[in-house]
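Residue 20 is where the sequence shown starts when you use the working numbering, and the numbers rise one by one after that.
Just so it is clear, CB atoms sit at the ideal spot from N, CA and C, and this is done for glycine as well.
Please read all numbers here as calculations on a predicted model, not as lab measurements.
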Amino acid sequence: MLREQLADEARRAGRNAEHNLKWMEKHPDRFDPSKKLEMQAYLHSMIRFARIEIKNARRAGRTSKLRTRLSSLLLSILTVLCRSRKAETGR
Numbered sequence: 020m021l022r023e024q025l026a027d028e029a030r031r032a033g034r035n036a037e038h039n040l041k042w043m044e045k046h047p048d049r050f051d052p053s054k055k056l057e058m059q060a061y062l063h064s065m066i067r068f069a070r071i072e073i074k075n076a077r078r079a080g081r082t083s084k085l086r087t088r089l090s091s092l093l094l095s096i097l098t099v100l101c102r103s104r105k106a107e108t109g110r
């Protein structure tokens, strides 16, 4: 759950950063022009971080779902095998 929350926060931060970049282009008179490059670099790094974090969260999610699916499949197969062996021995 913690991984999903971080991915959601990263997604939100990336969306907000994209919005802020567009806003800066539309309203260049509303902020200090001497800090424009620093602000844009920060926003671009937030967008990059969001993309990386979302990709990492997807990988972790896929892995755990696959692991869970495989373990439940293996457990069901083993359960059937154990039952059939018990039936053969007459227990």
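Please classify residue i: does DSSP put it in a helix, a strand, or coil?
i, result
"histidine 63", "helix"
"serine 95", "helix"
"aspartate 48", "helix"
Taking 8 Å as the threshold (C-beta atoms), are residue j and residue i in contact?
i, j, result
"glutamate 72", "alanine 106", "no"
"leucine 62", "leucine 40", "yes"
"methionine 111", "glutamine 24", "Since the first residue of the chain shown is 20 and the last is 110, residue 111 is not available in this structure."
Would you kindly report the start and end of the unbroken alpha helix (DSSP H) that includes residue i?
i, result
"lysine 41", "21-45"
Original post:
Using 8 Å as the threshold, is the segment 32-47 in touch with the segment 63-72, meaning 3 or more CB pairs across them?
Top reply: yes
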